[in-house]
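Heads up: the protein sequence lines correspond to chains A and B, in order.
Here the working numbering is used: position 2 in the first sequence is 53, and no number is missing along the way.
Here the working numbering is used: position 18 in the second sequence is 198, and no number is missing along the way.
Even glycine gets a Cβ: it sits at the ideal position worked out from N, Cα and C.
Since the model is a prediction, treat every value here as computed from it, not as a measurement.
Data first, discussion second: the structure below is written as structure tokens.
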Amino acid sequence: MSDAAGARRPYVRSMRGWWRRDPFFARYMLREATSVAVLAYALVLTVGLVRLAQGEAAWNGWLAALRSPWAVLLHLLLFAAMVFHALSWFEIMPKTLPAIFIGGRRLSAATITRSGWAATVLASIALCALAWWWRS
Amino acid sequence: MKRSNAPVFWVLFGAGGMLAALFGPALVLISGIAAPLGLGLPPGALSYARVLALARHGWSKGLLFIVIALFAWHAMHRIFHSLHDLGIRTGTFAQLGCYGGALVITVVSAVSLLSLGF
């Protein structure tokens with residue numbers, strides 16, 4: 052043990068790209084990456100509010116920017132990420148919720164996940180119906 | 181023992197994540213694709229007068245703020261905890277950067293909404 056710690060250089064396996072080694076890890080990283088999309092959407096909406104507060108011309112500029120092909124492409128990506136977030140959020144929900152017992156039986160993981168997905172479908176239909184009702 | 185502030189951030193993360201899981205896909209579809217392109221919705225769906233009315237009304241003003249702020253806190257908390265997975269050392273600096281970013285979005289959206297009046 053007389054050697055300085057730096058004299059011994061044991062092999063340490065690199066952690067670079069660790070998440071590409073296993074599809075399970077890749078799915079985990081993809082799930083975490085959806086947060087970038089959630090952040091991007093929050094930023095898009097915040098910029099929209101700032102432009103709205105600046106007046107009609109500024110708002111129309113923001114609206115024109117939303118119609119550009121790049122903005123549409125971005126929103127298609129954001130939509131895909133949001134869908135994956137919704138799917139994965141309820142997939143991990145059985146692990147994040149405390150155990151729920153109904154009639155002495157534990158609520159199964161599949162039931163929790165499917166209830167969550169059903170809630171997203173219902174909420175999406177409700178929101179689209181609201182937008183349709185509000186359109187005129 | 182000093183009380184941890186972590187539970188507050190986890191609650192914001194959970195609330196924002198739930199909101200995004202329930203309403204995120206439809207919100208992006210409506211505000212980012214259907215309304216700007218006039219697909220299924222008339223092109224004037226996001227006209228200045230209509231969105232101004234939406235942002236001035238008490239309920240919708242509050243909902244807009246909750247969506248933006250909780251999305252930001254959810255995302256920043258998750259990004260902060262993912263830095264480690266990407267091999268980036270995290271400390272007070274990274275934490276301040278992440279939560280500071282969420283705070284900036286919260287304040288900017290709140291100020292904009294309040295400046296629009298009621």
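Practice task
Report the residues of the segment 124-144 of chain A with a CB closer than 8 Å to any CB of chain B, ordered along the chain.
Solution key: Under the 8 Å Cβ criterion, the segment 124-144 of chain A contributes 125, 126, 127, 129, 130, 133, 134, 136, 137, 140, 141.
Handout entry: Spatial distance of residue 161 of chain A from residue 167 of chain A (CA atoms)
Key = Stepping through the first sequence from its first residue, residue 161 of chain A is reached at position 110. Stepping through the first sequence from its first residue, residue 167 of chain A is reached at position 116. So the alpha carbons of these two residues sit roughly 10 Å apart.
Handout entry: Nearest candidate by alpha-carbon position, reference residue 219 of chain B, set B:264, B:228, B:209
Key = Position 39 of the second sequence, counting from 1, holds the residue named residue 219 of chain B. With distances taken between Cα atoms, residue 219 of chain B lies closest to B:209.
Exercise for the section: Could you pull the start and end residues of the alpha helix (DSSP H) that residue 264 of chain B belongs to? Expected result: Reading the second sequence from its first residue, position 84 is the one you call residue 264 of chain B. That residue, residue 264 of chain B, is in no alpha helix (DSSP H); it is neither H nor E in DSSP.
Handout entry: CB contact check: residue 197 of chain B to chain C, cutoff 7 Å
Key = Within the model displayed, chain C is absent; protein chains A and B are what it includes.
Problem - Under 7 Å between C-beta atoms of residue 259 of chain B and residue 86 of chain A - result: The count along the second sequence starts at 1 and reaches residue 259 of chain B at position 79. The count along the first sequence starts at 1 and reaches residue 86 of chain A at position 35. Yes, the pair counts as a contact, with Cβ atoms nearer than the cut-off.
Problem - Where residue 52 of chain A falls: helix, strand or coil (DSSP) - result: As a working mapping, residue 52 of chain A is identified with position 1 in the first sequence. With a pLDDT of 48 at residue 52 of chain A, under the threshold of 50, the modelled position of this residue cannot be trusted, and the question is left open.
Exercise for the section: Compare the beta carbon distance of residue 274 of chain B and residue 93 of chain A with 7 Å and say whether it is the shorter of the two. Expected result: Along the second sequence, one-based indexing puts residue 274 of chain B at 94. Along the first sequence, one-based indexing puts residue 93 of chain A at 42. Contact annotation: residue 274 of chain B and residue 93 of chain A have beta-carbon atoms that are not nearer than 7 Å.
Handout entry: Own chain partners of residue 189 of chain B with C-beta closer than 6 Å, once the 5 adjacent residues on each side are dropped
Key = Start at 1 with the first residue of the second sequence, and residue 189 of chain B comes out as number 9. If we look at residue 189 of chain B and ignore the five residues flanking it on each side, its Cβ neighbours are 257.
Handout entry: Residue environment, residue 204 of chain B, which counts as buried when at least 16 other CB atoms sit within 10 Å
Key = Residue mapping note: residue 204 of chain B aligns to position 24 of the second sequence, counting from 1. In summary, residue 204 of chain B is buried, with 16 or more beta-carbon neighbours lying within 10 Å of its beta-carbon over all protein chains present.
Practice task
Just the C-alpha distance for residue 242 of chain B and residue 291 of chain B, rounded to the nearest angstrom, thanks.
Solution key: Residue numbering aside, residue 242 of chain B sits at position 62 when the second sequence is read from its first letter. Residue numbering aside, residue 291 of chain B sits at position 111 when the second sequence is read from its first letter. Rounded to the nearest angstrom, the two C-alpha atoms are 12 Å apart.
Problem - Nearest candidate by alpha-carbon position, reference residue 139 of chain A, set A:120, A:58, A:99, A:165 - result: One-based indexing of the first sequence puts residue 139 of chain A at position 88. Residue A:165 is the option with its Cα nearest to residue 139 of chain A.
Problem - C-beta neighbour in chain A for residue 305 of chain B, strict 7 Å - result: Residue 305 of chain B is absent from the model: chain B starts at 181 and stops at 298.
Exercise for the section: Tell me whether residue 153 of chain A is buried or exposed, calling it buried when 16 or more other Cβ atoms sit within 10 Å of its Cβ. Expected result: The sequence position of residue 153 of chain A within the first sequence is 102, counting from 1. With fewer than 16 other Cβ atoms within 10 Å, it is exposed.
Problem - Inter-residue spacing [alpha-carbon to alpha-carbon] between residue 66 of chain A and residue 269 of chain B - result: Here residue 66 of chain A refers to the residue found at position 15 when the first sequence is read from its first residue. Here residue 269 of chain B refers to the residue found at position 89 when the second sequence is read from its first residue. When only Cα atoms are considered, residue 66 of chain A and residue 269 of chain B end up about 13 Å apart.
Practice task
Confirm, please, whether the CB-CB distance from residue 200 of chain B to residue 89 of chain A is below 7 Å.
Solution key: Within the first sequence, the letter at position 38 stands for residue 89 of chain A. Within the second sequence, the letter at position 20 stands for residue 200 of chain B. Cβ distance < 7 Å, so residue 89 of chain A and residue 200 of chain B count as in contact.
Exercise for the section: From the DSSP output, in three-state form, read off residue 248 of chain B for me. Expected result: Taking the first residue of the second sequence as position 1, residue 248 of chain B is located at position 68. Residue state for residue 248 of chain B is assigned as helix, using DSSP reduced to three classes.
Practice task
Look at the Cβ atom of residue 248 of chain B, then the Cβ atom of residue 96 of chain A, and state whether they are nearer than 7 Å.
Solution key: Here residue 248 of chain B corresponds to residue number 68 of the second sequence, with the count starting at 1. Here residue 96 of chain A corresponds to residue number 45 of the first sequence, with the count starting at 1. It is a contact, given that the beta carbons lie within the stated cut-off.
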